[in-house]
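Protein sequence lines correspond, in order, to chains U and W.
Letter by letter, the first sequence follows residues 1 to 439 of our numbering.
Letter by letter, the second sequence follows residues 440 to 725 of our numbering.
Glycine is no exception: its CB is placed at the ideal position from the N, C-alpha and C atoms.
Working notes for the structure below.
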Amino acid sequence: MLIPRRTLRVGVTGLARAGKTVLLTSIAGNLLAAGAGLPTLPALAARLGGRSLRIRLAPAGADALPRFDHAAHLAALAADPPHWPARTDAVSLLAFDLDVGRATPGLPPRRLRLELLDYPGEWLLDLPMLAQDFAAWSRAALHRLEPYAEAAGFLGFVRGLPVAAPRDEVLAATGHHLYRAALRRLRDDRGLAMLQPGRFLMPAPGGAPPWLGFFPCAGSGPLAGLLRERFDRYCAEVRHSLAAPVFGGIDRLVVLADLLSALHAGAEPFADAAAALGAVAGALRWRRRLPFLPAWLPFVPGIARVAYVASKADHVAERQRGNLAALVSRLTEVPRADTAADTDTAAVAVAAVRCTEDVVWTLEGHPVSAVRGRVAGAARAGRSYPGEVPDRPPDAAFWAHPFLALPDFEPMRLPLGGRAGVPHIGVDTLLDFLVGDRL
Amino acid sequence: MSETRVVPRFALEEAPIERLEAASLPLPLPLPLVPPPAAGAGTLGLAASGAALLVLGLAVLVVGNFVAAQFDRAAWLGWLTLGIATAGFGLIAASIGGELRGLLGLRRVDHLRLALADPARARGAALAWLDTLAEGAALRPALAAAEAPEAIAALLRAGPVAALRAQSDALGRAAALQVFAAAAAVPSPALDGLLVAWRGARLVRQVAALHGLRPGTLGTLALLRRVALAAAGVVATDLALDAATRAVLSNPLLRHVAGEVAGAGVAARRMVVLARVTAAACSPLQ
Ligand SMILES: Nc1nc2c(ncn2[C@@H]2O[C@H](COP(=O)(O)OP(=O)(O)O)[C@@H](O)[C@H]2O)c(=O)[nH]1
Ligand SMILES: [Mg+2]
């Protein structure tokens with residue numbers, strides 16, 4: 001008689017280029033290597049404490065979701081010269097079957113199915129909208145657009161709308177297209193992140209239903225009424241889809257943020273990224289498990305654990321990685337994974353695929369902790385000290401000096417072409433936080 | 440933030456480099472301090488020591504008797520015999536001394552590891568270690584400025600440890616190449632194994648010598664034990680490392696590897712890994 005497998009579904013989310021695909025690839029490579037007995041994930045091994053662990057890729061069966069192509073991504077990283085995984089926008093799923101040995105001999109192994117879902121972070125930005133009504137959301141959204149020249153066209157259109165504008169399809173469509181174009185340009189040219197609704201920038205698969213055609217608008221006339229109806233429908237869809245069989249049933253969530261790039265982008269984009277992260281953290285606080293039910297109860301829907309992760313942490317040296325984790329922790333008001341034990345939220349700094357080694361670099365007579373990696377295409381080593389990572393939201397003095405762009409370092413060599421794991425920093429801590437309680 | 444702000448920067452180094460490898464990084468797992476072998480652990484060891492003492496002691500007595508007898512025959516014969524006996528026993532004593540020194544050298548690595556982790560002694564220990572290295576002098580000023588043990592460790596890691604590791608790697612690659620080339624010329628698989636074993640043992644000693652250790656035969660055996668232990672602590676970079684570890688663990692590296700050689704490629708790869716693990720075992724830092 002076979003004991004049924006329990007499923008644990010982990011959503012991995014973050015804005016485009018935050019490092020979702022790379023993280024999933026690293027998790028796949030390292031879990032499979034750990035299953036082969038290699039010590040690639042020390043924190044997980046410590047959790048197991050000598051118990052056996054068998055890990056296999058789960059058969060796809062008749063699943064609805066496309067599979068995450070970890071083999072191709074691993075091969076790309078292992079190639080010489082290496083490539084980063086190709087850009088992916090579609091939702092995909094990575095699934096493993098785990099057999100975890102028990103401390104008591106004789107008992108059958110615990111059977112677990114671990115699913116990791118690549119979930120666009122843009123959609124996560126819709127969560128804060130669920131707590132707002134159309135008028136409040138419109139006010140906030142219009143206010144955020146105000147400083148930017150990129151949004152001038154759209155703002156001009158909205159302000160120029162007559163108070164009693166009719167429920168006109170063409171007007172709604174025009175406003176919607178202008179708004180969408182403004183969002184796209186703010187993302188691409190300005191590097192902004194706090195852009196709602198997320199499905200405008202990252203459309204869901206399938207065609208665009210009519211209720212998608214809205215935009216923020218301050219008035220209270222008939223047109224505003226139409227837009228409100230569409231907004232409400234949008235929110236209902238988001239609420240529904242979080243629980244839907246395809247995207248729903250997420251038990252654990254990883255929110256990735258490329259804070260180092262945001263630090264480089266400057267004060268304004270950083271504040272924006274911080275606002276986005278804070279908003280998501282705020283929204284997730286009430287989206288999580290119902291507070292009156294005890295945490296150990298199985299089969300209670302809801303997201304039981306959330307990890308906020310600063311990605312690409314290998315671009316800075318050890319001490320700075322500590323600051324980076326502290327910065328995430330402050331921005332999300334969540335304790336750090338390495339200091340707080342057994343919490344349901346945690347902040348960590350992770351490098352999914354390590355590209356650098358720490359070096360001490362003597363600059364102007366001072367030893368600074370920097371990193372050194374092989375620069376892609378140059379075949380030479382580059383030393384990088386991008387600046388001091390603040391351990392709290394940076395003040396004006398910080399922005400007086402630039403934080404350098406992240407160099408294009410090559411991933412380290414993958415031992416045995418990826419079959420013996422992927423060099424990383426902190427992926428084991430992250431996995432232990434996410435699934436450790438089920439092992 | 441510090442008062443003296445260093446301007447952020449990025450710089451390309453001149454020399455081209457290979458892709459970085461995870462093994463050349465400070466590893467997340469601390470290398471276990473190798474426990475000193477438990478004194479008088481095995482009855483077998485006791486028996487062996489007793490046997491050695493008997494053989495050597497009885498030999499001294501027999502030779503002493505013989506010398507005395509020779510003196511009775513003729514003074515010149517006595518002196519000649521005494522000279523020969525002294526030279527012979529002197530050579531044996533010298534070899535034992537060498538072995539002991541080799542073993543003590545291994546102990547020194549343990550002491551150095553402990554000292555480097557201790558804030559009070561770290562700098563002194565680091566400076567002393569630099570003295571034993573060929574290119575150690577360059578780092579002295581930087582070390583003099585460093586305070587915390589972590590900073591000292593980072594400096595050593597960036598400087599001599601990295602250099603030693605690179606040189607060990609080079610030795611490993613050279614050995615691998617030789618094994619690879621020679622394996623093609625060796626007629627029988629059995630000889631293959633012998634070749635690997637001999638080259639492996641030599642490689643271990645070469646890498647040890649690089650780290651300022653000069654192990655004798657006993658020292659090499661102790662070193663092989665260390666290598667095995669170090670391999671257990673080093674995060675494996677390679678499945679082959681596992682194999683090498685097993686081979687070394689069941690020590691007669693010599694015998695075991697001989698039975699296991701699957702192909703010259705595997706053997707060659709093993710040399711590279713062996714060099715790396717040996718470097719880890721001999722280095723006061725990981
Ligand atoms: N150095 C470094 N770069 C990373 C890491 N993870 C991601 N990157 C970089 O970020 C890019 C985007 O990553 P990707 O996973 O495709 O982002 P996604 O859009 O969130 O799936 C990659 O192409 C890499 O250049 C990491 O751990 N270290
Ligand atoms: Mg992707």
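Where V445/W meets chain U, residues with beta-carbon distance less than 8 Å: Neighbours of V445/W on chain U, chain order: L363, E364, H366, V368 and Y385.
Excluding five sequence neighbours on each side, which residues of the same chain lie with their C-beta closer than 8 Å to the C-beta of G479/W? With a pLDDT of only 45 at G479/W, under 50, the local geometry of the prediction cannot be trusted, and no value is derived from it.
Consult DSSP for Y179/U and reduce its assignment to one of helix, strand or coil. Looking at Y179/U - three-state DSSP - the assignment turns out to be helix.
Chain-ordered chain U contacts of R715/W [CB-CB under 9 Å]: Residues of chain U passing the Cβ test: none, with the nearest at roughly 12 Å.
When every heavy atom of ligand 2 is checked, does at least one fall within less than 6 Å of the C-beta of T40/U? No, the beta carbon of T40/U sits no closer than 6 Å to any heavy atom of ligand 2.
Unbroken alpha helix (DSSP H) run spanning R579/W, endpoints: Start and end: R579 to A584.
What does the Cβ neighbour count give for A370/U, buried or exposed, with the cut at 16 atoms within 10 Å? That one is buried.
Going by other Cβ atoms of all chains shown within 10 Å of its Cβ, with 16 needed for buried, is L649/W buried or exposed? Buried: at least 16 other Cβ atoms inside 10 Å.
Taking just the CA atoms, how far does L53/U sit from D97/U? Distance between the alpha carbons of D97/U and L53/U is about 10 Å.
Entirely within the region 140–212 of chain U and at least 4 residues each: give me those alpha helix (DSSP H) ranges in chain order. Counting only runs of 4+ residues, the alpha helix (DSSP H) found wholly inside the region 140–212 of chain U occupies 152–160, 169–190 and 198–201, in chain order.
Would you please verify whether the beta carbon of E452/W is less than 7 Å from any beta carbon of chain U? Interface residue, yes.
Per-residue contacts from A349/U into chain W (C-beta, under 7 Å): None at all; the shortest Cβ gap to chain W is about 14 Å.
Would you please state the rounded distance, in angstroms, between the beta carbons of V618/W and M710/W? I believe it to be under 8 Å. About 6 Å; that satisfies the 8 Å criterion.
For I55/U, the three-state DSSP class (helix, strand or coil): Residue state, collapsed to three classes: strand.
For A279/U and P128/U, which I take to be in contact (beta-carbon distance under 8 Å), what is that distance rounded to the nearest angstrom? Confirmed, Cβ separation roughly 4 Å.
Can you name the start and end residues of the alpha helix (DSSP H) that R330/U belongs to? The continuous alpha helix (DSSP H) containing R330/U extends over residues E318 to T332.
Only counting runs of 4 or more residues, tell me where the alpha helix (DSSP H) segments fall wholly within the region 235–282 of chain U, in order along the chain. The DSSP assignment places 259–265 as complete runs of the alpha helix (DSSP H) inside the region 235–282 of chain U, in order along the chain (cut-off: 4 residues).
Going by DSSP, name the residue or residues bridged to H366/U. H366/U pairs with L363/U.
For the alpha helix (DSSP H) holding T21/U, just list the boundary residues, first then last. Looking at the DSSP string, the run of the alpha helix (DSSP H) that includes T21/U is K20 to G35.
Mapping the DSSP letters down to three states, classify F403/U as helix, strand or coil. For F403/U, the three-state secondary structure derived from DSSP is coil.
Mind checking who V375/U pairs with in its DSSP beta bridge? In the DSSP output, where bridge partners are listed per residue, V375/U has F409/U.
Have a look at A396/U and E333/U and give me their C-alpha separation to the nearest angstrom. So the alpha carbons of these two residues sit roughly 21 Å apart.
At the level of alpha carbons, what is the spacing between A593/W and R560/W? Spanning the two alpha carbons is a distance of roughly 16 Å.
Where does the unbroken alpha helix (DSSP H) through L416/U begin, and where does it stop? That residue, L416/U, is in no alpha helix (DSSP H); it is neither H nor E in DSSP.
When you compare only the Cα positions, how much space is there between L77/U and Y234/U? Using only the alpha carbons, I get a separation of about 39 Å.
Can you list, in chain order, the residues of its chain with a C-beta nearer than 6 Å to that of F231/U? Leave out the 5 residues immediately preceding and following it. Excluding sequence neighbours, F231/U sits near F134 and F214.
How many angstroms separate the CA atom of Q132/U from the CA atom of L192/U? Between Q132/U and L192/U, the C-alpha separation is close to 21 Å.
Comparing alpha-carbon positions, which option in I3/U, V328/U and V163/U lies nearest L256/U? Checked all of I3/U, V328/U and V163/U; the closest Cα to L256/U is V328/U.
For ligand 1, I want to know if G11/U counts as a neighbour, meaning its beta carbon is within less than 6 Å of at least one of the ligand's heavy atoms. Flag unset: Cβ of G11/U not near ligand 1.
Report buried or exposed for T717/W, applying the criterion of at least 16 other Cβ atoms within 10 angstroms of its Cβ. Per the 10 Å Cβ criterion, buried.
A325/U vs A351/U beta-carbon contact at 7 Å: Taking C-beta atoms as the reference points, A325/U and A351/U fail to come closer than 7 Å.
For S220/U, three-class secondary structure by DSSP: The answer is coil: DSSP assigns S220/U none of H, G, I, E or B.
Given 6 Å as the limit, tell me if T88/U has its C-beta closer than that to any heavy atom belonging to ligand 2. In this structure, T88/U has its beta carbon less than 6 Å from a heavy atom of ligand 2.
Going by DSSP, name the residue or residues bridged to F96/U. F96/U is bridged to L57/U and L114/U.
For the region 30–37 of chain U against the region 78–89 of chain U, do three or more pairs of beta-carbon atoms, one drawn from each stretch, fall closer than 8 Å, so that the two count as touching? The region 30–37 of chain U, when compared against the region 78–89 of chain U, does not touch it at the 8 Å Cβ threshold.
Using beta-carbon positions only, say whether L439/U and R47/U come within less than 7 Å of one another. Against a cut-off of 7 Å, the Cβ pair of R47/U and L439/U comes out as a contact.
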